[in-house]
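**Q** After the structure tokens below, expect a handful of questions from me.
There are 4 protein chains.
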Amino acid sequence: MVINRTEIEVRYKETDQMGIVHHSNYLAWFEIGRTKYIEQLLNTTYAEMERKGILLPVTDAYLSYKKPAKYGDIVYIETKLKQYKGIRLVFDYTVTSKSGEVLATGYTSHGFVDKALKPIRLRNVNETWHHELMKAVKG
Amino acid sequence: MVINRTEIEVRYKETDQMGIVHHSNYLAWFEIGRTKYIEQLLNTTYAEMERKGILLPVTDAYLSYKKPAKYGDIVYIETKLKQYKGIRLVFDYTVTSKSGEVLATGYTSHGFVDKALKPIRLRNVNETWHHELMKAVKG
Amino acid sequence: MVINRTEIEVRYKETDQMGIVHHSNYLAWFEIGRTKYIEQLLNTTYAEMERKGILLPVTDAYLSYKKPAKYGDIVYIETKLKQYKGIRLVFDYTVTSKSGEVLATGYTSHGFVDKALKPIRLRNVNETWHHELMKAVKG
Amino acid sequence: MVINRTEIEVRYKETDQMGIVHHSNYLAWFEIGRTKYIEQLLNTTYAEMERKGILLPVTDAYLSYKKPAKYGDIVYIETKLKQYKGIRLVFDYTVTSKSGEVLATGYTSHGFVDKALKPIRLRNVNETWHHELMKAVKG
Chain A
1 MVINRTEIEV RYKETDQMGI VHHSNYLAWF EIGRTKYIEQ LLNTTYAEME RKGILLPVTD
61 AYLSYKKPAK YGDIVYIETK LKQYKGIRLV FDYTVTSKSG EVLATGYTSH GFVDKALKPI
121 RLRNVNETWH HELMKAVKG
Chain B
140 MVINRTEIEV RYKETDQMGI VHHSNYLAWF EIGRTKYIEQ LLNTTYAEME RKGILLPVTD
200 AYLSYKKPAK YGDIVYIETK LKQYKGIRLV FDYTVTSKSG EVLATGYTSH GFVDKALKPI
260 RLRNVNETWH HELMKAVKG
Chain C
279 MVINRTEIEV RYKETDQMGI VHHSNYLAWF EIGRTKYIEQ LLNTTYAEME RKGILLPVTD
339 AYLSYKKPAK YGDIVYIETK LKQYKGIRLV FDYTVTSKSG EVLATGYTSH GFVDKALKPI
399 RLRNVNETWH HELMKAVKG
Chain D
418 MVINRTEIEV RYKETDQMGI VHHSNYLAWF EIGRTKYIEQ LLNTTYAEME RKGILLPVTD
478 AYLSYKKPAK YGDIVYIETK LKQYKGIRLV FDYTVTSKSG EVLATGYTSH GFVDKALKPI
538 RLRNVNETWH HELMKAVKG
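Residue numbers (the working numbering), protein chains in the order written: chain A, 1 to 139; chain B, 140 to 278; chain C, 279 to 417; chain D, 418 to 556.
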């Protein structure tokens, strides 16, 4: 199974007055995780994918916060592809601390769209990527 | 049933290169919605609640994106309290456009903690607020 | 002299672990101020301006922080046009508290560009707006 | 002369609908640059400094935007200490692209304060750090 593990150092800007990382930042971290996953799996970048007119907006997201991340912490985003049959993509995420503790988990669902945000079938625009994703979700 | 309806004007800073509001901003909007709900229900502010040592971090969040919000749009956040029995609070949110279309829905779960982020029972520190929340969830 | 005064309520998300509004948010507040100024002066929205292919990126910015804004505070952004002769626009900002204290001041410089980010002369694409800006800076 | 050079990969979240990095993010990048500079020079972290009750809020900031950074770009933040005589600290920043083009420059001014945000003299609370900063600004 393909798993991407990306390191992130918590930024001061990401904290709030509770003294911990504001919960909305985990969605930005998940985004970094899945773009790195795509880079690793498809041998392209998400930036390149968008230039080709293939966009991947979020349709659903779920987050579970276990332990707060703090400023200066090193955290790891582990991303894997949980579901893909041709239309809907679901990514699973686990955020862990340096010592291996789980800080947060979650998933995001996505559909491929073109630049006008109209749904497209990836198979019709890039069969290679479609097959790589199909393989990854089975593996 | 108590429902808070708060108006938000989409900021340029909230857009991304897809030309729509970045999905992470809805968590900040939900936050505005529930702090306004608390203000309306408990006749206090969330800022004042925190000064009294009662904090309400997010433990879970779910978001479903129906239609994108765009820069300059006026959107409405409708917030209601879905669950509360003394420990866990669940808020429900609906984001609608000016014309009444649903742009997004979601919920967030919370537990009360003190400044050291240790769980507390609201009943033990503020019985009035506890009762108001109990009433609101039944109503 | 045209002055726009826009009210903003500080968001929880805008705080950092120092317990105050993170300094980067003032640039987003200035942005709200100048788009409201444009709306007031030109009887259009900045969103509409962009749809017409007239964009106004920031080329320089200066900020001076006098007193911190805090979560829940109501602040006012006062914006005026300081300079415009046909090319470069400079806006001046003052952020004040409810009691009238100055929290921050600053300015931003801008040049008009088209969607490909190429410089344009406003006079050549919209003479009315050009004249309104010329009048505002003199007034 | 001590110069810190820190690499940043542009995040999708940092873009706006102009298709470029929103100008407010450079303040967060400068912040990363100066905390890395401090780490390199003082052999401590900014997080540790704050735990010791020494905070470094921004009092002034200036930014000049030369060329836009885009999603997926690798950029470098070069930070050096420009001024320090015991009270006021000024850091200088240059943001460059992978090919060495200057994307932005700027500076931030700071004063040391304690947790209550009251001004302090660094020399009185940590003489070693004071001397290291004095040396760095001369070097």
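Note that beta-carbon positions come from the ideal geometry of N, C-alpha and C, so glycine has one too.
Small disclaimer: the values here were computed from a predicted structure and weren't measured.
1) Whose C-beta lies closer than 7 Å to the C-beta of L458 (chain D) among residues of the same chain, with five residues either side of it excluded?
2) Comparing alpha-carbon positions, which option in D:Y429, D:V427, D:T513 and D:V530 lies nearest E503 (chain D)?
3) Between T108 (chain A) and N4 (chain A), which are expected to be in contact by the criterion C-beta below 8 Å, what is the C-beta distance as a whole number of angstroms?
4) Taking any Cβ of chain C, which residues in the stretch 174-201 of chain B have a Cβ under 9 Å from it, in chain order?
5) What does the alpha-carbon distance come out to for the pair V95 (chain A) and L63 (chain A)?
6) Between the C-alpha atoms of K294 (chain B) and Y463 (chain D), what's the straight-line distance to the nearest angstrom?
7) Mark T172 (chain B) as exposed unless 16 or more other C-beta atoms lie within 10 angstroms of its C-beta, in which case mark it buried.
8) Along the chain, which unbroken stretches of the beta strand (DSSP E) at least 3 residues long are found entirely within the stretch 287-352 of chain C?
9) Taking the DSSP output, what are the residues bridged to E410 (chain C)?
10) Any chance the CB of T235 (chain B) is under 8 Å from a heavy atom of the ligand SAH?
11) Would you list the one or two residues that DSSP bridges to A243 (chain B)?
12) Using a Cβ-Cβ cut-off of 9 Å, state whether K291 (chain C) counts as contacting chain B.
13) Under the rule that 16 or more other beta-carbon atoms within 10 Å means buried, what is I471 (chain D), buried or exposed?
14) Could you name the residues of the same chain whose beta carbon sits closer than 7 Å to that of S375 (chain C), not counting the 5 residues immediately before and after it, in chain order?
15) At the 9 Å Cβ level, is Y165 (chain B) part of the contact set with chain D, yes or no?
16) With distances taken between CB atoms, is the gap from Q361 (chain C) to G19 (chain A) smaller than 9 Å?
17) Give a yes or no on whether the C-beta atoms belonging to G389 (chain C) and T313 (chain C) are separated by under 9 Å.
18) Using a Cβ-Cβ distance cut-off of 9 Å, determine whether E240 (chain B) contacts chain C.
19) Does the distance from the CB of Y349 (chain C) to the CB of E178 (chain B) come in under 9 Å?
20) Can you tell me which of the three DSSP states L539 (chain D) falls into?
21) Where does K138 (chain A) fall in DSSP's three states?
22) Leaving out five residues before and five after A61 (chain A) in sequence, what residues of the same chain have Cβ atoms less than 8 Å from its Cβ?
23) Figure out for me which residue from C:H408, C:Y371 and C:L334 has the closest Cα to the Cα of Y627 (chain D).
24) Taking C-beta pairs closer than 7 Å, name the residues in chain A that G297 (chain C) reaches, listed in chain order.
25) Report back the beta-carbon spacing between Y12 (chain A) and F91 (chain A) to the nearest angstrom; my notes put them in contact at under 8 Å.
26) Taking Cβ to Cβ, would you say K206 (chain B) is nearer than 9 Å to V264 (chain B)?
27) Just the chain D side, please: which residues come within less than 9 Å of N371 (chain C) by C-beta, in chain order?
**A** According to the structure shown:
1) Numbered from 1 along the fourth sequence, position 41 holds the residue referred to as residue 458 (chain D). Around L458 (chain D): V419, E549 and A553.
2) Stepping through the fourth sequence from its first residue, residue 503 (chain D) is reached at position 86. First, the residue type needs correcting, since residue 503 (chain D) is Gly and not Glu in the sequence shown. For G503 (chain D), the nearest C-alpha among the options comes from D:V530.
3) As a position in the first sequence, residue 108 (chain A) is number 108, starting the count at 1. As a position in the first sequence, residue 4 (chain A) is number 4, starting the count at 1. Not a contact, Cβ separation roughly 14 Å.
4) T174, T184, Y185, A186, E187 and E189
5) Here the question's residue 95 (chain A) lines up with position 95 in the first sequence. Here the question's residue 63 (chain A) lines up with position 63 in the first sequence. Looking at the two C-alpha atoms, the distance is approximately 11 Å.
6) Absent from the structure is residue 294 (chain B), since the part of chain B shown begins at 140 and ends at 278.
7) Looking up residue 172 (chain B) in the second sequence gives position 33. Correcting the residue identity first, residue 172 (chain B) is Gly in this sequence and not Thr. Classification for G172 (chain B): buried.
8) 336-343
9) By 1-based counting over the third sequence, the position of residue 410 (chain C) is 132. According to DSSP, which records beta bridges pairwise, E410 (chain C) is partnered with nothing at all.
10) The model depicted lacks the ligand SAH and carries no ligand whatsoever.
11) Indexing the second sequence from 1 puts residue 243 (chain B) at position 104. Looking at the DSSP assignment, A243 (chain B) forms a beta bridge with B:Y204 and B:V234.
12) Numbered from 1 along the third sequence, position 13 holds the residue referred to as residue 291 (chain C). For K291 (chain C), the answer is yes, since a Cβ of chain B falls inside 9 Å of its Cβ.
13) Numbered from 1 along the fourth sequence, position 54 holds the residue referred to as residue 471 (chain D). Its Cβ being crowded by 16 or more others within 10 Å, I471 (chain D) is buried.
14) Numbered from its first residue, the third sequence carries residue 375 (chain C) at position 97. The answer, listed in chain order, is D351, V353 and L381.
15) As a first step, residue 165 (chain B) must be located in the second sequence, where it is residue number 26. No, Y165 (chain B) lies away from the interface with chain D (no Cβ there is under 9 Å from its Cβ).
16) In the third sequence, the residue the question calls residue 361 (chain C) occupies position 83. In the first sequence, the residue the question calls residue 19 (chain A) occupies position 19. No, these two residues do not count as a Cβ contact at 9 Å.
17) Here residue 389 (chain C) refers to the residue found at position 111 when the third sequence is read from its first residue. Here residue 313 (chain C) refers to the residue found at position 35 when the third sequence is read from its first residue. It is not a contact, given that the beta carbons lie outside the stated cut-off.
18) By 1-based counting over the second sequence, the position of residue 240 (chain B) is 101. Output row for E240 (chain B): interface = no.
19) As a position in the third sequence, residue 349 (chain C) is number 71, starting the count at 1. As a position in the second sequence, residue 178 (chain B) is number 39, starting the count at 1. No, the pair does not count as a contact, with Cβ atoms beyond the cut-off.
20) Along the fourth sequence, read from residue 1 onward, the residue named residue 539 (chain D) stands at position 122. In this structure, L539 (chain D) counts as helix in the three-state DSSP scheme.
21) As a working note, residue 138 (chain A) is residue 138 in the first sequence. Of the three classes helix, strand and coil, the one that applies to K138 (chain A) here is helix, per DSSP.
22) Here the question's residue 61 (chain A) lines up with position 61 in the first sequence. Once the five neighbours on either side are set aside, the close Cβ partners of A61 (chain A) are L27, F30, G106, Y107, T108 and S109.
23) Nothing about residue 627 (chain D) can be reported from this structure: the residues present for chain D run from 418 to 556 only.
24) Taking the first residue of the third sequence as position 1, residue 297 (chain C) is located at position 19. Correct list: Q17.
25) Within the first sequence, residue 12 (chain A) is the residue found at index 12, counting from 1. Within the first sequence, residue 91 (chain A) is the residue found at index 91, counting from 1. Wrong, their Cβ atoms sit about 27 Å apart, outside the cutoff.
26) In the second sequence, counting from the first residue as 1, residue 206 (chain B) sits at position 67. In the second sequence, counting from the first residue as 1, residue 264 (chain B) sits at position 125. No, the pair does not count as a contact, with Cβ atoms beyond the cut-off.
27) Residue numbering aside, residue 371 (chain C) sits at position 93 when the third sequence is read from its first letter. Note on identity: in this sequence residue 371 (chain C) is Tyr, with Asn being the wrong assignment. Residues of chain D passing the Cβ test: none, with the nearest at roughly 13 Å.
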